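Novice: Numbering (the working numbering), first residue to last: 1049 to 1153. For glycine and all other residues, C-beta sits at the position ideal for the given N, C-alpha and C. Just so we're clear, the structure is a prediction, and the values are computed from it rather than from any experiment. The structure follows.
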């Protein structure tokens, strides 16, 4: 899952560039998501793997279409922004799988 997670973020970086969005800071939670899920195991890990696969399946053709638009000289910013927002929403759902540490404040 770690390789696919990294590839998803590279695709998202390219989508963000096409949308005119500054590169994002990747929090430790984002960077370490595959390892956290591996260590968590069980249903959360299985769901995370499926979610990352699904996210990659969405981003791959979306990025290809955006690059084709961009290559033809057609503005791709609005479409890229829409795909970027979909990525953000889907990733937030995946990050919600991280279990709480149960630390009370």
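Helix, strand or coil for residue 1078? Go by DSSP, reduced to three states.
Specialist: DSSP places residue 1078 in helix when its eight states are reduced to three.
Novice: In whole angstroms, what separates the C-alpha of residue 1069 from that of residue 1119?
Specialist: Taking the straight line from one Cα to the other gives about 19 angstroms.
Novice: Of the choices 1067, 1059, 1122 and 1084, whose alpha-carbon is the least far from that of residue 1149?
Specialist: Answer by Cα proximity: 1084.
Novice: By the three-class DSSP mapping on this structure, what secondary structure does residue 1067 have?
Specialist: Residue 1067 falls in the helix class under three-state DSSP.
Novice: Beta carbon of residue 1107, beta carbon of residue 1135: below 8 angstroms?
Specialist: Yes, they are a contact pair.
Novice: Using only the alpha-carbon positions, how far apart do residue 1127 and residue 1117 sit?
Specialist: Between residue 1127 and residue 1117, the C-alpha separation is close to 10 angstroms.
Novice: Check residue 1142 in the structure and name its three-state DSSP category.
Specialist: Three-state DSSP puts residue 1142 in a helix.
Novice: Pick out whichever of 1146, 1103 and 1121 has its Cα sitting closest to the Cα of residue 1132.
Specialist: For the residues 1146, 1103 and 1121, the minimum Cα distance to residue 1132 belongs to 1103.
Novice: Just verifying my parser: in three-state terms, what is the DSSP assignment at residue 1089?
Specialist: The answer is coil: DSSP assigns residue 1089 none of H, G, I, E or B.
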